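Per numbering that gives the first Met the number 0: the sequence shown = residues 0 to 390.
Just so it is clear, CB atoms sit at the ideal spot from N, CA and C, and this is done for glycine as well.
No experiment lies behind these values; they were computed from the predicted model shown.
Here the structure comes first, spelled out in C-alpha cells, and everything after it is commentary.
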Amino acid sequence: MKIWIDGKEANQENRVGSGQYAFEVIRNLEKIDQENEYTILLPSPPLPDLPKTRKNWKYRVLKPGRLWTRITLPTALYLTRNKPDLIFSPTHYIPRFSPVKRICTIFDLAYLHFPEMFAPRDLWQLKNWTKFSAEFADKILAISEFTKKDIMKNYDVDPEKITVTPLGFDRELFKPVRDRKKIVKVLMKYRIREPFITYIGTIQPRKNLVRLMEAFSRIDYTPGVSTQSSAGLHTVGGTLQLVVVGKTNERGRKGWMFEDILKTPKQLGIETQVNFTGFVPTEDLPALLSASTMFVLPSLWEGFGIPVLEAMACGAPVVVASVSSLPEVAGKAGVLVDPYSVESISKAIESLLKDEKFRQKKVQLGLEQAKKFSWEDCARKTLEVFKHGFI
0 MKIWIDGKEA NQENRVGSGQ YAFEVIRNLE KIDQENEYTI LLPSPPLPDL
50 PKTRKNWKYR VLKPGRLWTR ITLPTALYLT RNKPDLIFSP THYIPRFSPV
100 KRICTIFDLA YLHFPEMFAP RDLWQLKNWT KFSAEFADKI LAISEFTKKD
150 IMKNYDVDPE KITVTPLGFD RELFKPVRDR KKIVKVLMKY RIREPFITYI
200 GTIQPRKNLV RLMEAFSRID YTPGVSTQSS AGLHTVGGTL QLVVVGKTNE
250 RGRKGWMFED ILKTPKQLGI ETQVNFTGFV PTEDLPALLS ASTMFVLPSL
300 WEGFGIPVLE AMACGAPVVV ASVSSLPEVA GKAGVLVDPY SVESISKAIE
350 SLLKDEKFRQ KKVQLGLEQA KKFSWEDCAR KTLEVFKHGF I
C-alpha cells in the first residue's frame, strides 16, 4: 500500500499541539511499519529529528505556498502518475480536492462551544476547514471518545467513519526524576522555588488560567506541613508558588489574549507567587514535574490533554476539570473540579496539600494510568485504519 502523509505540521521546531502529534505519529509509523510505502510531503527539507530516508520511507518537498491544502497538495496528487492509495492529514484540514482516499485527525471542537475565545481569523479557519473535513474525509481519527461524540453530534457523522486513537507521550523521557542535582539545576534555570504547583499549556482563555489564579490566591494551608513530591520530601513553608509554563514573550505562536491573563496576578496581589516561565524545552519538563507538588489543568475544554499524562508519569498528582476529555484521560487518578467554580478548584488543590496519604494514593494511581497510553499504540491504531478502514 502506498501512503502519503502531509508532514507540514511535523516539520517545525518547538512543536506543540498538532505539531507534536504529527511528529510522533510519523516517527512511530516509521518504527512499526516496514511493509507499506510512505511518502511524507513537506514545504521545506525535513528537520534532522524526523526519521531518516530508507526503503519504503521517503520525503518529497513541494513548492511552498500559502495555499498548501487548496492548491499544493491537490496538484501533487492529481499530477502524480503512480498515485498513493490514500493521503493522511494529521490535522483537521484535508486537501480540498483529491483523487484518492483522505484521512484526517480532529482534535476537538472547542471553537464551536467557545467561539469568543478564538481570534477571528483562527475561528473562521477552524469552522471552515473542520466542517469540510468532517464531511468529505473518508475516515476521521478522533483523539478521544469525547471528541468522537462531539463530532457525531455537531456534524452528523456516521460513527463508523470515526476511529478513536488516543494520544501518547514520550515514555522514555517522562518518568520520575530522583536526581536532586538535576532537579535543582532545572528549578534554578526558571527561578522556581519549592513548593510549587504546575500548569503547562498555552496561555489562552479556554485554559481557565484566570480562575486557576483566583483559586490559588484563596488557598489556605499551614506553613511547615511536610509534603512529598516524586523528587523527595520538602516542607510547605514560606510561600507556595504557581508555575505557569507556556509561551509569553518569545517570538512565535503564543496563546490568544495572553496579555490579559498576564495582568491577573498583579490584580489579585499575588504577582510574587506566580511564575510565568515562558516556553520550557521538553527535556526540562520531567525534572520540573517530578519536583512539583501537583499539576493542575482546569481547562474549560480539551480534546485530550497530553500534559496530564506527562505529569502522572513523573509522579505528580493531577487536578483536572470534570468536563470534556479530561476525566477520560486522568481516570481514577484525577482530582476532578468544576472548572467554573473558583472554590472547587481551590478546595481540590488544598486537599492534596493537606492530606499526604490522599496525595500519595493519587500519585500511584497516576503512574498506573499513564501506562495505558503510548505514541506507539496511537500509531498502531492509525495504521489499522490505513489497512482496514475501507473494507
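So residue i is in the alpha helix (DSSP H); what residue range does that whole segment cover?
i	result
F385	374-387
Y20	17-31
A214	208-217
V341	341-353
L111	109-112
D149	144-154
E171	Per DSSP, E171 belongs to no alpha helix (DSSP H) and is neither H nor E.
F410	Limits of the chain in this structure are 0 at one end and 390 at the other, which puts residue 410 out of reach.
D259	257-261
Tell me the DSSP secondary structure of residue i in three-state form.
i	result
T397	In the structure as shown, the chain begins at 0 and stops at 390. Residue 397 is therefore absent and cannot be evaluated.
T104	strand
G365	helix
S97	coil
I124	Here residue 124 is Gln; the residue named in the question, Ile, does not match the sequence. In this structure, Q124 counts as helix in the three-state DSSP scheme.
I447	The first residue shown for the chain is 0 and the last is 390, placing residue 447 beyond what the model contains.
A136	coil
G251	Confidence is the limiting factor: at G251 the pLDDT is only 45, short of 50, which leaves the residue's position unreliable and the question unanswerable from this model.
K246	coil
A118	coil
K1	strand
P73	helix
If you follow the beta strand (DSSP E) that residue i is part of, which residue opens it and which one closes it?
i	result
E8	Unbroken run through E8: none, as it is neither H nor E.
L40	36-41
L85	85-88
T79	Looking at the DSSP string, T79 is not in any beta strand (DSSP E), and its letter there is neither H nor E.
L239	First-last for L239: undefined, no H or E at that position.
F195	195-199
I161	161-163
For residue i, which residues in the same chain have their Cβ closer than 7 Å to its Cβ, ignoring the five residues on either side in sequence?
i	result
W128	H91, Y92
A369	L308, M311, A312
P285	L172, F173, K174, V176, C313
H112	W300
E8	S17, G18, A21, P89, T90
A109	R205, W300
N153	L108, L111
If I measure Cβ to Cβ from residue i and keep anything under 8 Å in the same chain, skipping five residues before and after, which residues do I get?
i	result
E46	The question names Glu, but residue 46 is Leu in the sequence shown. N10, Q11, E12.
S321	L335, V336, D337, P338
P326	V319, G333, L335
E282	L172
C377	E23, V24, N27, T164, P165, L166, G167
K82	K1, L76, P98, V99
A144	As written in the sequence, residue 144 is Glu, which differs from the Ala given in the question. Correct list, in chain order: V163, S324, E327.
Can you list, in chain order, the residues of its chain whose CB lies under 6 Å from that of residue i, leaving out five sequence neighbours each side?
i	result
D0	Reading off the sequence shown, one finds Met at residue 0, where the question assumed Asp. These residues qualify, in order along the chain: N35, D84.
L351	M293, P316, R358
R252	Confidence at R252 is low in this model, with a pLDDT of 45, below 50, so the placement of that residue is unreliable and no value is reported for it.
T238	Q272
V156	A133, I150
Y37	I2, W56
field: Every unbroken beta strand (DSSP E) within the segment 44-69, with a cutoff of 3 residues, ordered by chain
entry: Taking only runs of at least 3 residues, the beta strand (DSSP E) segments lying wholly in the segment 44-69 are 56-60.
message: Measuring CB atoms only, is the segment 301-313 touching the segment 357-368, in the sense that at least three cross pairs come out at less than 8 Å?
response: yes
message: Threshold first: 4 residues or longer. Then list the alpha helix (DSSP H) segments lying entirely within the segment 281-336, N to C.
response: 284-290, 305-312, 325-329
message: Within 8 Å, do at least three Cβ pairs link the segment 332-343 to the segment 195-206?
response: no
message: Is it the case that the segment 201-209 contacts the segment 113-125, given that we only count it when at least three CB pairs across the two stretches are under 8 Å?
response: yes
- prompt: Is the segment 236-245 touching the segment 147-167, taking contact as three or more C-beta pairs under 8 Å?
  reply: Below 8 Å, too few C-beta pairs join the segment 236-245 and the segment 147-167 to call them touching: fewer than three.
Stretch-stretch touch, CB-based, cutoff 8 Å, three pairs: the segment 127-142 with the segment 94-110: yes
- request: Flag this pair as touching only if the segment 49-59 and the segment 26-33 have three or more C-beta atom pairs under 8 Å; answer yes or no.
  value: yes
- prompt: Are three or more beta carbon pairs between the segment 261-274 and the segment 64-77 nearer than 8 Å?
  reply: No: fewer than three Cβ pairs fall under 8 Å.
field: Segment contact flag, the segment 179-189 with the segment 373-386, C-beta cutoff 8 Å, min 3 pairs
entry: no
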